[in-house]
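Notes follow the structure.
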Amino acid sequence: MDEKKARRRSFLKRDSATARVPILRPFLSGRFAVPLNLAIVAFTVCLAPLPLGSTKPVALGLWCVLLAFAALTMPLKHMDRHAWLTIFPIVLLTLLWAVLSIGHAWNAEHPAPIPDQRGLPIRGAAWQAAGLPLALALIFLTCFAHARDRLSGGRLLRLLAVVGAAYAVLALVLHVAMPGQIFWYNKIQHGDYLTGTFLNRNTAATFFGIVAMIWLARTLTFVERNLRPGTSIVVQLHMMPATERHKLLRALVCLLLCFATVLATGSRAGVFACAMGALALLAVSLKRMALRLSRWQVGLIAIAAVAGFAALLFTGGDAVLGRVSQQGLFDPLRYAIYLDTLHIIGEHFWAGTGPGTFQEVYPAYRTAAAAATGIVNRAHSTPLEIAATMGVPFALLTIGVFLWLVWRLGQAAMKAPRGSSLLSAAFAASLVTGLHSLLDYSLQIPGFAFYAVALLSAGMARSIGRPTADTGASAEDHNFSASSNVATDGGFR
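Numbering (the numbering used here), first residue to last: 10 to 502.
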């Protein structure tokens with residue numbers, strides 16, 4: 010009986026998959042199988058922001074092909090029943106989104122092509138709408154499987170941090186050396202502001218805000234692990250080994266670099282979301298530190314963090330402060346678009362107008378208050394656009410799953426006994442992403458969404474703790490704390 014059960018479940022084993030698909034043998038077995046699969050996923054996630062955020066269908070199609078191959082060959086030895094049950098709601102939601110998009114594209118009959126900003130027709134917009142949720146589901150699944158292993162999860166986090174900092178340097182170089190351009194592409198909008206490799210400054214601000222959360226989590230975790238109560242912080246820093254001080258200095262430099270890049274975008278919503286994420290991350294870290302450090306040490310760290318952010322804002326935030334003084338905190342034209350979108354939702358409450366149809370449907374509901382906004386191809390609010398195109402029930406389901414993800418990451422980050430860069434960064438990134446999606450469409454840009462989902466998926470994998478059935482993994486692969494079922498970040502130092 011046991012042998013029969015083992016045969017039924019053999020599809021989860023690497024040897025069985027190799028026997029069934031011989032062409033995949035080099036990617037499913039051998040010492041390089043897991044690193045090669047991780048390299049494919051990392052290649053996709055890290056390069057997606059480069060070609061203008063991968064907004065073109067060709068780029069998104071290429072990433073979908075690579076991610077599908079990575080999903081077919083991903084490692085499954087750390088995926089137990091608990092792990093599958095954890096990711097089931099999220100993967101099911103994204104796959105349902107993709108299926109609904111494909112179904113609408115198959116049955117839709119559009120009276121005329123949708124024009125883009127140059128007056129050319131956009132063909133197959135509904136088909137394109139199915140690509141992003143499908144790619145996000147594949148990224149979440151593959152990154153989750155890799156992050157279940159301590160070493161792979163640590164490598165993934167280090168790679169996201171380093172690549173994000175490299176994009177920040179590239180953005181500053183482009184802004185200084187090629188103002189008004191992104192490589193060969195002339196900016197249509199936001200020519201005076203930093204946008205990095207993205208077309209929109211708000212997307213760039215959110216992207217670099219998430220990178221800043223990774224480096225802020227790294228800095229706070231370093232402080233939490235190395236400071237001890239009863240001794241002056243200055244004395245402890247002086248007695249710290251030179252290699253440790255260099256690690257802390259690198260993290261601080263990358264943190265300041267990313268924050269400065271966020272401010273240079275001039276995005277009010279991006280700076281606000283980044284500030285809220287930083288405050289939440291600081292609160293979680295200080296709550297953990299209060300259990301080990303003295304009150305004056307915790308207070309000194311809090312004051313230094315808040316003072317540092319305020320000084321950075323008033324010394325390098327001219328772009329943001331200038332926009333606030335001239336235009337206020339909120340754009341009235343965007344408010345008009347929100348009202349028009351609510352009108353669409355009211356008439357298509359249950360099923361929406363169909364995925365990818367917002368740009369086609371919006372002109373029929375456009376009021377005079379939004380006439381000065383030009384061509385509107387987004388609702389500038391991801392939840393509102395989901396409700397308008399997919400229906401209110403699906404939008405509420407999506408919001409509920411995302412709030413559950415944020416709550417899960419926050420609980421795990423607070424319970425981590427020695428802190429975890431991965432858990433803390435994923436929690437803060439989820440807040441930044443969620444807050445900014447209320448006011449703009451950054452999650453609808455593949456280059457940003459890939460990066461954010463990869464980080465959130467890795468955090469979710471680490472939040473559920475030790476696998477219940479370890480198939481041959483060594484103790485070094487699972488360095489879990491004995492006092493908690495929340496894993497550390499794999500030595501990300």
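All C-beta atoms, glycine included, are put in the ideal place defined by N, C-alpha and C.
- Under the DSSP assignment, Ala175 falls in the alpha helix (DSSP H) whose first and last residues are Arg159 to Ala186.
- Counting C-beta pairs closer than 8 Å gives three or more between the stretch 459 to 467 and the stretch 50 to 58, which meets the contact rule.
- About 16 Å separates the CB atoms of Ala425 and Leu464; that is not less than 8 Å, and the two are not in contact.
- Rounded to whole angstroms, Pro455 and Gln245 show a C-alpha spacing of 44 Å.
- Nearest to Glu394 by C-alpha distance, out of Val410, Gln368 and Trp416, is Gln368.
- With fewer than 16 other beta carbons inside 10 angstroms of its own, Glu356 counts as exposed.
- In this structure, Ala311 sits near Leu295, with a CB-CB distance shorter than 7 Å.
- In the assembly as shown, Arg227 is a buried residue. Its beta-carbon has 16 or more other beta-carbons within 10 Å.
- Excluding five sequence positions before and after Leu102, the CB atoms of its chain that fall closer than 7 Å to its own CB belong to Leu406, Thr407 and Val410, given in chain order.
- Fully contained in the stretch 192 to 250 are the following alpha helix (DSSP H) runs of length 4 or more, in chain order: 210 to 235 and 242 to 248.
- When C-beta atoms of the stretch 67 to 86 are compared with those of the stretch 146 to 165, three or more pairs fall below 8 Å, so the two segments count as touching.
- Counting other Cβ atoms within 10 Å of its Cβ, Gly70 stays below 16 and is therefore classed as exposed.
- The distance from the Cβ of Leu264 to that of Leu309 is about 18 Å, inconsistent with a contact at the 8 Å cut-off.
- Taking all protein chains in view, the Cβ of Gln137 is crowded by 16 or more other Cβ atoms within 10 Å, so the residue is classified as buried.
- Annotated as proximal: Thr53 and Trp72, with beta-carbon spacing under 7 Å.
- Just measuring C-alpha positions, the residue of Arg90, Leu261 and Met285 sitting nearest Ala313 is Leu261.
- Annotated as distal: Phe217 and Thr252, with beta-carbon spacing of 7 Å or more.
- Beta-bridge pairing by DSSP links Gln190 to Asn195.
- Where Trp413 is concerned, the enclosing alpha helix (DSSP H) starts and stops at Val401 to Lys424.
- DSSP places Ser451 in the helix class (H, G or I) of the three-state scheme.
- Less than 7 Å separates the beta-carbon of Gly361 from that of Thr398.
- Counting only residues of its own chain and dropping the five nearest sequence neighbours on each side, Asn195 has a CB closer than 8 Å to the CB of Gly189.
- Taken atom to atom, the span from the alpha-carbon of Ala278 to that of Tyr450 is near 11 Å.
- Collapsing the DSSP output to three states places Met298 in a helix.
- The beta carbons of Arg387 and Gln453 sit about 7 Å from each other, so the pair counts as a contact at 8 Å.
- By the criterion of a C-beta distance shorter than 6 Å, Arg417 is surrounded in its chain by Ser472, once the five residues flanking it on both sides are discounted.
- In the displayed model, Arg387 falls within coil according to three-state DSSP, outside both helix and strand.
- Scanning its chain for C-beta atoms nearer than 6 Å, with the 5 sequence neighbours on each side dropped, one finds around Phe436 the residues Leu418, Gly419 and Ala422, in chain order.
- The three-state secondary structure of His87, taken from DSSP, is coil.
- The beta carbon of Ala467 is closer than 7 Å to those of Cys152, Ala156, Gly162, Leu165, Leu166, Leu431 and Ala435 in its chain, skipping five residues each way along the sequence.
- The three-state secondary structure of Ser429, taken from DSSP, is coil.
- Cys267 has its alpha-carbon roughly 16 Å from the corresponding atom of Leu290.
- The alpha carbon of Ala396 has as its nearest neighbour, out of Leu440, Leu447, Val185 and Ala379, the alpha carbon of Leu447.
- Gly70: member of the alpha helix (DSSP H) spanning Pro66 to Leu81, first to last residue.
- Gly286 places its beta carbon less than 7 Å from that of Leu440.
- Selection Asp158, Leu141 and Leu208 evaluated against Met469 yields Asp158 as nearest (Cα-Cα).
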